[in-house]
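Under my numbering, the first residue of the sequence shown is numbered 199, with each subsequent residue one higher.
For reference, the structure discussed in these notes is given below.
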Amino acid sequence: MKMDRRQFLRDSATLAAAGVVAPQVLGAGEKATPAAAASNAAPAADGKLITSAPMLQNYAATSIGIAFSVSDMANGYADISERPDMSGARRVKCGGYRITDVNDKVMLVRITGLKPATKYYYRIGADHISYKGGYDMKVLGNEEDPRVYSFTTAGPGAQARFCVINDTHAKFDAFTKTIDKVASLAPSCLVWNGDATNVEENIDSQVRIFLNPPIDRPDYAAQLPVLFSPGNHDSRGMANRHIDRVLMFRQPEERSPRDWDLGRNFAVRMGDIAMIGLDTAEDKMDSNPIFAGLFNSAAYREAQAVWLADVLKRKEIAKAPFLVAFCHIPLFDPDPKMNPGDVAPADKDPQYTHDFAMWQRTCANLWTPLLQKAGCQLIITAHQHKYRFDAPDGTRKWAQMVGGGPNLTNETSFPTVIEGFVEGRQLKVRVHNVKTGGILDEKVFKAR
Ligand SMILES: [Fe+2]
Ligand SMILES: [Fe+2]
């Protein structure tokens, strides 16, 4: 629905009368009051231009991504300040240089030049744009989310506490409980370890999954920065082939020009933990006829090995006491019946129970020697929809944790939240069973 200026002024007056224009500062994991939540969760039919809370993307030491959805042509922005009263705020518009990214779906704002381990406050807004041609563009009105949000950047001085979720698969009953658990643990960042989606053919379904989920805390990532490691499902469907319209690539200066297309990989220092994000890509061979030659996972995995060798040498990564890697498909499986993902041409072999990769031997061969040499203590994976811990053995020095599944009704594929934090020179990793609310497992790792 379009919103003219008079309508906007009426809405503003209504909001002011309702007393929700004053900034509301929320603590990590804190829920918005119903009045404030309603101001940005209202559907477009109510005349709202901004239709979601912001989502913080690509947790990093000196930059952050801010994404939110809109109901009509808009030119979004974020104001950012080091002070809760927003004094001295600077405004950053959506898009990059040359032009802003005016569109009617998702505003992606990239904030750069931040200080490590520093708390920032921010607010989002958007101009409502009438576009009738290259010389016929007008600002119809402006809308701002009245809330002031905050986040803290990464870096060696940041609090070392992560949470990992995985295989949420747009099952919102389980996602509600999973996010409630994450909020109660108040981590510094949330690693979403793939299969957030199923097969997504349009951007609206992606907006529903990432920016405006039908859960009790639709603002789950407004103050909690997300690191996303894609799963095999997150490349399926025409919209997922362009998932960067909803989930930004990482900042270019985080990688060399050679690694330009590796916008999903991360190497982030958070307190005493170095976190490495890898993308295992599809669980089927590029040669499988079902994919019609439309995937290029093999070259992607090799390029990531070259990137990985370099980032492991970076000072803030090499010197971190703890090195934890994250990827969606497991890099080890003790069961010889599990398909290792390298069965050409079409993944079928009677010795395996599934016709797709249950673990990824190609990625394991490319990446784990580098991780092992660097002293990686733990690799956290997903994909199998069943929690498992693989302790190190004589030759494999790293442990593997496989996160749970998306089902609240199933005995084995219940969701997990894997919480990692540093306490007394040790990395403690606690696995929460979202279905029961109890602690399922806890492991302790020594510094490397
Ligand atoms: Fe999955
Ligand atoms: Fe998967």
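Virtual Cβ for every residue (Gly too), placed ideally from N, Cα, C.
Predicted, not measured: the structure shown is a model, and the values here were computed from it.
>> Considering only the alpha carbon of each residue, which of Tyr320, Ser279, Cys292 and Thr260 lies closest to Leu312?
In response: Nearest option by C-alpha distance: Thr260.
>> Would Lys369 and Pro604 qualify as a contact pair, given that the criterion is a beta-carbon distance under 8 Å?
In response: By the CB criterion at 8 Å, Lys369 and Pro604 fall inside the cutoff.
>> Measuring straight from C-alpha to C-alpha, what distance separates Ser427 and Met483?
In response: If you take the alpha carbons of Ser427 and Met483, they lie about 19 Å apart.
>> Taking 7 Å as the cut-off, is the beta-carbon of Asn396 closer than that to any non-hydrogen atom of ligand 2?
In response: Flag unset: Cβ of Asn396 not near ligand 2.
>> Do Asp244 and Met271 count as a contact pair if the criterion is CB distance below 8 Å?
In response: Asp244 sits away from Met271, with the two beta carbons spaced by 8 Å or more.
>> Please determine whether the Cβ atom of Asp459 lies at a distance below 7 Å from any heavy atom of ligand 2.
In response: It does not: the Cβ of Asp459 is nowhere closer than 7 Å to a heavy atom of ligand 2.
>> Cutting at 7 Å between CB atoms, please list the residues of its own chain near Ile407, excluding the five before and the five after it.
In response: The answer, listed in chain order, is Ala368, Ala394 and Thr395.
> Quick one: is Thr634 buried, meaning 16 or more other Cβ sit within 10 Å of its Cβ, or exposed?
Replying inline: By the neighbour-count rule (16 or more Cβ atoms within 10 Å), Thr634 is not buried but exposed.
> How about Asp481: is its Cβ closer than 7 Å to a heavy atom in ligand 2?
Replying inline: Yes, the beta carbon of Asp481 sits closer than 7 Å to at least one heavy atom of ligand 2.
> So, helix, strand or coil for Cys574, using DSSP?
Replying inline: Coil at Cys574, not helix or strand.
> To the nearest angstrom, how far is it from the Cα of Pro450 to the Cα of Trp458?
Replying inline: Between the alpha carbons of Pro450 and Trp458 lies a gap of roughly 7 Å.
> Between Phe349 and Tyr318, which are expected to be in contact by the criterion C-beta below 8 Å, what is the C-beta distance as a whole number of angstroms?
Replying inline: Between Tyr318 and Phe349 the Cβ distance is about 6 Å, and since that is below 8 Å, they are a contact.
> So, using beta-carbon positions, are Tyr347 and Ala265 closer together than 8 Å?
Replying inline: For Tyr347 and Ala265, no; Cβs fall outside 8 Å.
> Just to confirm, are Asp481 and Gly539 a CB contact at a threshold of 8 Å?
Replying inline: Yes, the Cβ-Cβ distance between Asp481 and Gly539 is below 8 Å.
>> Closest to Leu409 by C-alpha separation, out of Ile297, Glu514, Met305 and Lys571, would be which residue?
In response: Selection Ile297, Glu514, Met305 and Lys571 evaluated against Leu409 yields Met305 as nearest (Cα-Cα).
> Excluding five sequence neighbours on each side, which residues of the same chain lie with their C-beta closer than 8 Å to the C-beta of Val642?
Replying inline: Answer for Val642: Gln624, Leu625, Lys626 and Val627, listed in chain order.
> Got a sec? Which residues, its chain only, sit under 7 Å from Ser267 by beta carbon, not counting five neighbours each side?
Replying inline: Sequence-distant partners of Ser267 (beyond 5 residues in either direction) whose C-beta falls short of 7 Å from its own C-beta, in its chain, are Thr249, Ser250, Lys303, Val304, Val405, Leu409 and Asn410.
>> As a quick exercise: from Gly592, Gln582, Asp591 and Thr593, pick the residue whose alpha carbon is nearest that of Gly602.
In response: Measuring C-alpha to C-alpha distances from Gly602 to each of Gly592, Gln582, Asp591 and Thr593 identifies Gln582 as the nearest.
> Closest by CA to Thr579, which one among Met446, Gly475 and Lys291?
Replying inline: Nearest of Met446, Gly475 and Lys291 to Thr579, Cα basis: Gly475.
> Are the region 505-514 and the region 488-495 in contact at 8 Å, needing three or more beta carbon pairs?
Replying inline: A contact between stretches requires three or more CB pairs, one per stretch, nearer than 8 Å, and the region 505-514 fails this requirement with the region 488-495.
>> With DSSP as the reference, identify every bridge partner of Glu621, one or two as the case may be.
In response: Its beta-bridge partners are Gln624.
> Enumerated in chain order, which unbroken segments of the beta strand (DSSP E) with a length of 3 residues or greater are wholly contained in the region 240-313?
Replying inline: If we require 3 residues or more, the beta strand (DSSP E) runs fully inside the region 240-313 come out as 253-255, 262-267, 272-279, 288-291 and 304-309.
> What residue does the beta strand (DSSP E) around Val362 start on, and which one ends it?
Replying inline: Val362 -> beta strand (DSSP E) spans Arg359 to Ile363.
>> Just checking Asp365 against ligand 1 - is the residue's beta carbon closer than 7 Å to any of the ligand's heavy atoms?
In response: Asp365: yes, Cβ under 7 Å from ligand 1.
> Residue range of the alpha helix (DSSP H) that Asp378 falls in?
Replying inline: Note, Asp378: alpha helix (DSSP H), Phe370 to Leu383.
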